[in-house]
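Peer 1: Structure below; questions to follow.
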Amino acid sequence: MNITVNGTASEYPDKLSASQLLRSLGLADKRLALEINEEIVSRSTYDSRVINPGDRVEIVHAIGGG
Amino acid sequence: MSSVMQPQPHTSPDPLLLAGVEYKSRLLVGTGKYKDLDETRAATEASGAEIVTVAIRRTNIGQNPNEPSLLEVISPQKYTLLPNTAGCYTASDAVRTCRLARELLDGHELVKLEVLGDEQTLFPDIIQTLEATEILVKDGFKIMVYTNDDPIIAKRFEDMGCVAVMPLAAPIGSGLGIRNPHNIRTIVENASVPILVDAGVGTASDAAIAMELGCDGVLMNTAIAGAQDPVLMASAMKKGIEAGREAFRAGRIPRKRFASASSPIDGMFF
Numbered sequence: 014m015n016i017t018v019n020g021t022a023s024e025y026p027d028k029l030s031a032s033q034l035l036r037s038l039g040l041a042d043k044r045l046a047l048e049i050n051e052e053i054v055s056r057s058t059y060d061s062r063v064i065n066p067g068d069r070v071e072i073v074h075a076i077g078g079g
Numbered sequence: 452m453s454s455v456m457q458p459q460p461h462t463s464p465d466p467l468l469l470a471g472v473e474y475k476s477r478l479l480v481g482t483g484k485y486k487d488l489d490e491t492r493a494a495t496e497a498s499g500a501e502i503v504t505v506a507i508r509r510t511n512i513g514q515n516p517n518e519p520s521l522l523e524v525i526s527p528q529k530y531t532l533l534p535n536t537a538g539c540y541t542a543s544d545a546v547r548t549c550r551l552a553r554e555l556l557d558g559h560e561l562v563k564l565e566v567l568g569d570e571q572t573l574f575p576d577i578i579q580t581l582e583a584t585e586i587l588v589k590d591g592f593k594i595m596v597y598t599n600d601d602p603i604i605a606k607r608f609e610d611m612g613c614v615a616v617m618p619l620a621a622p623i624g625s626g627l628g629i630r631n632p633h634n635i636r637t638i639v640e641n642a643s644v645p646i647l648v649d650a651g652v653g654t655a656s657d658a659a660i661a662m663e664l665g666c667d668g669v670l671m672n673t674a675i676a677g678a679q680d681p682v683l684m685a686s687a688m689k690k691g692i693e694a695g696r697e698a699f700r701a702g703r704i705p706r707k708r709f710a711s712a713s714s715p716i717d718g719m720f721f
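What follows is the structure, given as structure tokens:
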């Protein structure tokens, strides 16, 4: 399926969970926040949250800023 | 036995009370514009700041996932993190950023709200900022709001439930210092929440002036990170803030047009 992660559209396996997506990106243990179609996905639901074709995923973290 | 009273400076505790929490330091610092994370860590430590701003941005996908991250050097256990909405030009982007920050930081509700008007001045868009404030207050956020130096608007933000109001001294990153001390003083005098100068200070004397005006604190980033020696400037800012605060509490002498001699007139022998 095609999904957009942080603005870039790519092919991913079907029936991917949020946890599986983060693992595949090497971000499994990172402190981050996740949004699917502009809705926040709580960390406690990453395993059960399934990503659907066409979903827009944002993965954010804290960086230096003033 | 002669007993000479030693003069003691007034050292009673003087914490910054912000959203129900006491802080020793009245200097808040940003973490942007440093050359690397080592410099970020060293300057932040030298500043003595306890509240530290961070920005929320996309994670780099496909780059080295083991590269060090900001929160490894600015630990949420050691510092009170203040996620900002820098770069937001609409209320909805700012609200979205705050909600992501709360998820990122495990329910953390203290945020620095800034909604910008244009890129040249980075002045706040007050209409958008008011709109975001209304939504975020209802959503349980504790908002420290970046605003202009307008006393009427500053009071409005307080009335809406912001935990601190942060007027700019001058444009973000400009280093121009306190451009309108009279307005800052009016904002301070009217306020019953902490007033912090946010943006525009250039050097330690600017920070001291903000504190002498009665501000509860100063938030800065570029003045430290952009100095030739950021760690030394962080230390200077810490002292500027402390000196300005003590001078404010001490109560300065009034300004007079003419001289008044410091040495007594009595006992002169010539």
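Chains as they are written, first to last, in our numbering: chain A, 14 to 79; chain B, 452 to 721.
Glycine included, every Cβ here is placed at the ideal spot set by N, Cα and C.
The model shown is predicted, which means the values in this text are computed figures rather than measured ones.
#1: Give me, in chain order, the residues of the same chain whose beta-carbon lies closer than 6 Å to that of Ile507 of chain B; leave out the 5 immediate sequence neighbours on both sides.
#2: Does the beta carbon of Gly481 of chain B come closer than 9 Å to any beta carbon on chain A?
#3: Which residues in the same chain as Ala694 of chain B place their Cβ atom closer than 7 Å to its Cβ, once the five residues preceding and following it in sequence are excluded?
#4: With burial defined as no fewer than 16 other Cβ atoms inside 10 Å of the residue's Cβ, what is the status of Ser498 of chain B: buried or exposed?
#5: Please list the partners that Ala31 of chain A has in chain B, where partner means a Cβ-to-Cβ separation under 7 Å.
#6: Under a three-way DSSP split, which group does Met719 of chain B fall into?
#7: Which whole runs of the alpha helix (DSSP H) in the stretch 629-704 of chain B are 4 residues long or more, in chain order?
#8: Please list, in chain order, the residues of the stretch 501-524 of chain B that have any C-beta partner in chain A closer than 7 Å.
#9: Which term fits Asp657 of chain B, buried or exposed, when burial requires 16 or more other beta carbons within 10 angstroms of its beta carbon?
#10: Tell me the rounded alpha-carbon separation between Asp60 of chain A and Val616 of chain B.
#11: Who are His74 of chain A's beta bridge partners in DSSP?
#12: Verify whether the separation of the beta carbon atoms of Pro527 of chain B and His559 of chain B is less than 9 Å.
#13: According to DSSP, simplified to helix, strand and coil, what is Pro527 of chain B?
#14: For Asn19 of chain A, go through chain B and note every residue whose CB falls closer than 9 Å to its CB, in chain order.
#15: Give a yes or no on whether the minimum CB-CB distance between Met688 of chain B and chain A is below 9 Å.
#16: For Ala537 of chain B and Ala712 of chain B, I'd like the C-alpha separation in whole angstroms.
#17: Give a yes or no on whether the C-beta atoms belonging to Val524 of chain B and Thr504 of chain B are separated by under 9 Å.
Peer 2: Taking the geometry as given:
#1: Pro534, Thr548, Leu551 and Ala552
#2: yes
#3: Ala659
#4: buried
#5: Simply none; closest approach about 12 Å.
#6: coil
#7: 632-641, 655-663, 673-676 and 681-701
#8: Thr504, Val505, Ala506, Ile507, Arg508, Arg509, Thr510, Ile512, Pro516, Ser520, Leu521 and Leu522
#9: buried
#10: 40 Å
#11: B:Arg508
#12: yes
#13: coil
#14: Arg509, Thr510, Asn511 and Ile512
#15: no
#16: 52 Å
#17: no
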